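Trainee: Shown below is the structure under consideration.
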Amino acid sequence: MLIVWETLRHHHDLMSQPDYAQLQAKFGTSASSMEYLHHVQFNAEPYTALNAPLTEFGLWTLHEDTNKEAFQKKLERLSALVDGLPAESGVYRGGWGVVAEDERQFRMITGWENMEIFDRVVAANHDGMALVQELKALADLDVKHVIISKYSGSK
114 MLIVWETLRH HHDLMSQPDY AQLQAKFGTS ASSMEYLHHV QFNAEPYTAL NAPLTEFGLW
174 TLHEDTNKEA FQKKLERLSA LVDGLPAESG VYRGGWGVVA EDERQFRMIT GWENMEIFDR
234 VVAANHDGMA LVQELKALAD LDVKHVIISK YSGSK
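Listed below in structure tokens is the structure:
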């Protein structure tokens, strides 16, 4: 489940409402699991990537000895490299941000036309792959590709 909040305060305000437990119960176990609850203020608008046919979610968790600022500079370079790809390459601009629940975690999102294009672009981008390897020396990476369906409520 993915919910876009105007601010983190908006989510906290909703959670403080007396009927929040009833609302949460309607979502079942997906709303009660805190394992993947990540609040992120992205460095750029995330909607292009979130509305892409395929959305990539990367979660970077810094190694204990990694300097956060050094990692962030490399992540900014990777984000700029992805943002610099031409639109016809099948990539949809995304962004990155620090996870509010753990300042040593970063989320990065990118949109893709499909998995085949992702594979092709990654294989052809040697500079990007070299940078990803540098980042992997500083942090663990968990990547998921998902197709997001919008929920518009009951009819």
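Once you know that position 36 of the sequence shown is 149 in my numbering, the rest is easy, because the numbers rise by one and skip nothing. Where is the CB? At the ideal position from N, CA and C, for every residue including glycine. In this text the structure is predicted, and so the values were computed from the model without any measurement.
What does a CB cutoff of less than 6 Å around tryptophan 173 pick up in its chain, not counting 5 residues either side in sequence?
Mentor: Within the same chain, tryptophan 173 has close Cβ partners Phe219, Ala252, Leu254.
Trainee: Just reading off the beta strand (DSSP E) that glutamate 67 is part of, what are its end residues?
Mentor: Any question about residue 67 goes unanswered here, given that the chain covers just 114 to 268.
Trainee: Can you tell me where the beta strand (DSSP E) with alanine 252 in it begins and where it stops?
Mentor: Start and end: 252–259.
Trainee: Bridge partners for leucine 175 per DSSP, in chain order?
Mentor: According to DSSP, leucine 175 bridges with Ala252.
Trainee: Under the three-state reduction of DSSP, which class applies to tyrosine 264: helix, strand or coil?
Mentor: In the structure shown, tyrosine 264 sits in coil (DSSP, three-state: anything other than H, G, I, E or B).
Trainee: Does the count of Cβ pairs from the segment 233–248 and the segment 158–167 closer than 8 Å reach three?
Mentor: As far as the Cβ criterion goes, the segment 233–248 does not touch the segment 158–167, which means the pair count is below three.
Trainee: Between the segment 183–192 and the segment 225–237, can you find at least three pairs of beta-carbon atoms closer than 8 Å?
Mentor: With the cut-off at 8 Å, the segment 225–237 and the segment 183–192 do not touch.
Trainee: Can you give me the start and stop residues for the beta strand (DSSP E) that valine 211 sits inside?
Mentor: Segment 204–212, the beta strand (DSSP E) holding valine 211.
Trainee: Going by DSSP, what residue range makes up the alpha helix (DSSP H) through leucine 194?
Mentor: Per DSSP, leucine 194 belongs to the alpha helix (DSSP H) from 181–196.
Trainee: Thinking just about the alpha-carbon of each residue, which of Asp132, Thr179, Asn156, Leu248 is nearest to the one in aspartate 196?
Mentor: Considering only alpha carbons, the answer is Asn156.
Trainee: Using 10 angstroms around the beta-carbon of isoleucine 260, count the other beta-carbons present and answer buried if the total reaches 16, otherwise exposed.
Mentor: With fewer than 16 Cβ atoms within 10 Å of its Cβ, isoleucine 260 is classed as exposed.
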